[in-house]
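Enquirer:
Residue numbers (the working numbering): 9 to 370.
1) Taking DSSP as the reference, what is the three-state secondary structure of residue 148?
2) In angstroms with no decimal places, state the Cα-to-Cα distance between residue 238 and residue 271.
3) Thinking just about the alpha-carbon of each residue, which of 300, 337, 326, 370 is nearest to the one in residue 145?
4) What is the DSSP secondary structure of residue 27, reduced to helix, strand or coil?
5) Among 211, 117, 294, which one has its Cα closest to the Cα of residue 363?
6) Quick check on residue 119: buried or exposed, where buried means 16 or more other Cβ atoms within 10 Å of its Cβ?
7) Along the beta strand (DSSP E) that carries residue 159, what are the first and last residues, could you check?
8) Got a sec? Which residues, its chain only, sit under 7 Å from residue 172 by beta carbon, not counting five neighbours each side?
9) Would you kindly report the start and end of the unbroken alpha helix (DSSP H) that includes residue 243?
10) Is the beta carbon of residue 32 closer than 8 Å to that of residue 42?
11) Where residue 153 and residue 193 are concerned, what is the direct C-alpha to C-alpha distance, given to the nearest angstrom?
12) In chain order, what residues of the same chain lie with their CB nearer than 7 Å to the CB of residue 2, ignoring the 5 residues before and after it?
13) Among 163, 368, 49, 333, which residue has its Cα nearest to the Cα of residue 136?
14) Which of the three DSSP states is assigned to residue 201 in this structure?
15) For residue 275, does the three-state DSSP call read helix, strand or coil?
16) Note down the Cα distance separating residue 121 from residue 220, rounded to an integer number of angstroms.
17) How is residue 362 classed by DSSP in three states: helix, strand or coil?
18) Ends of the beta strand (DSSP E) at residue 50?
19) Could you pull out every residue in the same chain whose Cβ sits closer than 7 Å to the Cβ of residue 261, ignoring the five residues on either side in sequence?
20) Kindly provide the ranges of any beta strand (DSSP E) runs that are 3 or more residues long and lie completely inside the region 306-343, ordered along the chain.
21) Tell me which residue opens and which closes the alpha helix (DSSP H) that residue 122 is part of.
22) For residue 231, which residues does DSSP report across the bridge?
23) Is DSSP giving residue 154 helix, strand or coil here?
In structure tokens form, the structure reads like this:
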């Protein structure tokens, strides 16, 4: 059908094998071509059949007896050369129901085999499920918190803390169970925040800087050291790793340069000042982005394409408005967000912010 895909090297077939059945993998956000896999999956609501895999049980099923029961059942029902991964809802269904589920999925394996033997090269054999990876920025998480709180007890910042995973997510679940029973929200929220405080970075900590593009690609800008972190300001610095040119500034970028970034929580921009190894100021970028979020191991935000550049000569440039326009035309950014970015740029150019930057370094 003319669509190219990439098979990971460890799954590549032998050179003398001209054809292989592949499936589009769920991961690979932002890739220009799809990432493929030869480990075929047949997905059901309660189980997933995976070619060449052993029996497994979702980690969300924590009852030890139920895990043993499902493992045993999976070994009994697994089709030849296929394994079963039981999904969380399987824990609440009777054996007969799960047997029917596996029978239906096994029938799809039979159909797959029959169609594969009769199809020509590069043909679609079976339609899969459609998946979408959605990045919820800071403001979206807050709105989701408000919606959730209308139907169930909700800790402030629920969706952010949930996305942190690990101990923070587990502590959140415990806190919200307490909310259901006791209802003393202020006290429970205070205890929750005290419990998770040590999981987050402090002054001097090293974190990754995750610069998320509208396409979904996550650019790791490298390790940064946090200089300040409180309700008023987040400031961090990182060392430039490669030579080049600072777009818009027309200034040479050299490995060893220092980038010092700062942002106010809730603001839609980050100011980054660039310095040479001898501390000479090379210029500044004002990056338009969603409000930054400080995770246990990373600072993360979504880049909204547009930058305002301030050079030592006093020249000010707005870069990449055309990229913002293209993202809007492709439906990646909504009309509302497109207009918001334009207003942010206009407002920043009208304030004293740029003059203050120049006054600090010239």
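Even for Gly, the Cβ is constructed at its ideal location relative to N, Cα and C. Small disclaimer: the values here were computed from a predicted structure and weren't measured.
Expert: Straight from the coordinates:
1) Along the chain shown, read from residue 1 onward, the residue named residue 148 stands at position 140. DSSP places residue 148 in helix when its eight states are reduced to three.
2) Within the chain shown, residue 238 is the residue found at index 230, counting from 1. Within the chain shown, residue 271 is the residue found at index 263, counting from 1. A straight-line Cα-Cα distance of about 11 Å links residue 238 and residue 271.
3) Locating residue 145 in the chain shown gives position 137, where the first residue counts as 1. Nearest option by C-alpha distance: 300.
4) If you number the chain shown from 1, residue 27 lands on position 19. In this structure, residue 27 counts as coil in the three-state DSSP scheme.
5) Indexing the chain shown from 1 puts residue 363 at position 355. Checked all of 211, 117, 294; the closest Cα to residue 363 is 294.
6) Locating residue 119 in the chain shown gives position 111, where the first residue counts as 1. Result: exposed.
7) As a first step, residue 159 must be located in the chain shown, where it is residue number 151. Run containing residue 159: none; DSSP gives neither H nor E here.
8) Walking along the chain shown from the start, residue 172 turns up at place 164. The beta carbon of residue 172 sits closer than 7 Å to the beta carbons of 303, 304 from its chain, once the five residues preceding and following it are set aside; these are given in chain order.
9) Numbered from its first residue, the chain shown carries residue 243 at position 235. Residue 243 -> not in any alpha helix (DSSP H); beta strand (DSSP E) instead, spanning 242-247.
10) Locating residue 42 in the chain shown gives position 34, where the first residue counts as 1. Locating residue 32 in the chain shown gives position 24, where the first residue counts as 1. Contact: yes.
11) By one-based count along the chain shown, residue 153 stands at place 145. By one-based count along the chain shown, residue 193 stands at place 185. Cα-Cα distance, rounded: 15 Å.
12) Outside the displayed range of the chain (9 to 370) lies residue 2, so it cannot be described from this structure.
13) Counted from its first residue, the chain shown places residue 136 at position 128. Comparing Cα-Cα distances from residue 136 to each of 163, 368, 49, 333, the minimum goes to 49.
14) Taking the chain shown and counting its residues from 1, the one referred to as residue 201 is at position 193. Helix at residue 201.
15) As a working mapping, residue 275 is identified with position 267 in the chain shown. Looking at residue 275 - three-state DSSP - the assignment turns out to be coil, as it is neither helix nor strand.
16) Locating residue 121 in the chain shown gives position 113, counting from the first residue. Locating residue 220 in the chain shown gives position 212, counting from the first residue. If you take the alpha carbons of residue 121 and residue 220, they lie about 40 Å apart.
17) As a first step, residue 362 is located in the chain shown; it is residue number 354 there, counting from the start. Reduced to three states, the DSSP call for residue 362 is helix.
18) One-based indexing of the chain shown puts residue 50 at position 42. Counting along the chain, the beta strand (DSSP E) containing residue 50 begins and ends at 49-51.
19) Here residue 261 corresponds to residue number 253 of the chain shown, with the count starting at 1. Around residue 261: 248, 251, 252, 253, 254.
20) If we require 3 residues or more, the beta strand (DSSP E) runs fully inside the region 306-343 come out as 306-318, 324-327.
21) By 1-based counting over the chain shown, the position of residue 122 is 114. Run containing residue 122: 103-126, per the alpha helix (DSSP H) assignment.
22) Taking the first residue of the chain shown as 1, we reach residue 231 at position 223. DSSP output for residue 231 lists 216 as bridge partner(s).
23) Here residue 154 is taken as the residue at index 146 of the chain shown, counted from 1. If DSSP states are grouped into helix, strand and coil, residue 154 belongs with the helices.
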